[in-house]
Amino acid sequence: MRVEALTGPALSAALDDVGRLRIAVFRDWPYLYDGDLAYERLYLEHYRTSARAVLVGAFDGGSLVGAATGTPMEDHANDFATAFSQTGLALSDIFYCAESVLLPAYRGKGVGHRFFDSREAHARSLGRRYVAFCAVQRPDDHPARPDGYRPLDAFWRARGYAPLDGVVAKFRWKDLGDTVDSEKPLQFWMREL
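So the sequence shown is residues 1 to 193, counted in full-length UniProt numbering.
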């Protein structure tokens with residue numbers, strides 16, 4: 001498996017494949033995302049229009065089997081400015097690591113670490129002081145929570161990330177089995193580079 005950082009035209013060319021991966025991977029717990037490619041194309045436009053965006057792709061031969069994206073946080077100011085408004089942190093100091101999606105057959109082989117290593121290196125090259133991401137919060141008693149589910153908190157903490165108290169974004173999407181979208185809280189985690 002090859003893991004490679006893509007920018008510019010190479011990043012743009014891979015975005016439909018990233019959309020398909022997001023739809024496939026985020027269907028599972030805890031996101032339960034009922035997505036479609038038309039929405040994905042609109043959402044992923046952030047990465048096409050940001051000159052400083054990065055897409056770290058995991059390839060099996062010529063097939064994209066995993067992807068992790070990131071941009072300067074100010075490229076997402078409309079989405080996250082409210083969540084960070086009381087922190088005293090400048091968005092221009094933060095690099096935002098967005099999705100990390102990897103097909104199940106490729107998990108447990110160190111790709112998640114390579115995704116973070118590459119995005120953190122990209123953030124350093126941009127002179128960023130912090131790297132942050134957010135993760136959906138679901139109640140422990142949610143009826144769709146699988147038995148034996150282990151959140152990724154230990155993995156993130158081992159990489160030096162910690163949750164930011166009170167820094168929560170709100171996003172809407174349609175859960176599997178629902179007819180309308182609903183708001184979900186996403187907790188921010190951050191580390192200093």
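Don't be surprised by glycine CBs; every beta carbon is placed ideally from N, CA and C.
- A straight-line Cα-Cα distance of about 29 angstroms links Thr87 and Phe26.
- In this structure, the straight-line span from the alpha carbon of Glu4 to that of Lys174 is close to 32 angstroms.
- Ala132 is not a Cβ neighbour of Tyr106, given a cutoff of 8 angstroms.
- Scanning its chain for C-beta atoms nearer than 7 angstroms, with the 5 sequence neighbours on each side dropped, one finds around Phe115 the residues Val56, Ala68, Ser100, in chain order.
- By the Cβ test, the region 112–127 is not in contact with the region 73–84, since fewer than three Cβ pairs between them sit closer than 8 angstroms.
- If only uninterrupted alpha helix (DSSP H) runs of at least 4 residues are considered, those enclosed by the region 106–186 are 111–125, 153–158.
- The alpha-carbon of Asp34 is positioned some 33 angstroms away from that of Ala90.
- Look at Asp60 here: in three-state DSSP terms it is strand.
- Listed in chain order, the non-local C-beta contacts of Ala169 below 6 angstroms within the same chain comprise Phe80, Ala83, Cys134, Leu186, local neighbours out to five positions each way being set aside.
- Leaving aside the five residues that flank Pro30 on each side, the residues in its chain whose CB is nearer than 6 angstroms to its CB run, in chain order, Val136, Arg138.
- Met190 sits in a strand when the DSSP states are folded into three classes.
- An exposed status is given to Met1, since fewer than 16 other beta-carbon atoms sit within 10 Å of its beta-carbon.
- Of the other Cβ atoms in all chains shown, 16 or more fall within 10 Å of the Cβ of Val18; this residue is therefore buried.
- Remark: fewer than three beta-carbon pairs, one from each stretch, lie closer than 8 angstroms, so the region 142–150 and the region 159–169 are not flagged as touching.
- The closest CA to that of Leu193, considering only Leu11, Thr179, Gly166, Ile94, is found on Ile94.
- Pairing Val65 with Leu37 gives a Cβ-Cβ distance that is not under 8 angstroms.
- One Cα belongs to Tyr130, the other to Lys184, and the distance between them is close to 24 angstroms.
- Annotated as distal: Thr71 and Ser85, with beta-carbon spacing of 8 angstroms or more.
- Remark: C-beta atoms of Glu45 and Ile23 do not approach each other more closely than 8 angstroms.
- Around Ser92, the same chain offers Pro72, Met73, Glu74 as residues with beta carbons nearer than 8 angstroms, after the five sequence neighbours per side are excluded.
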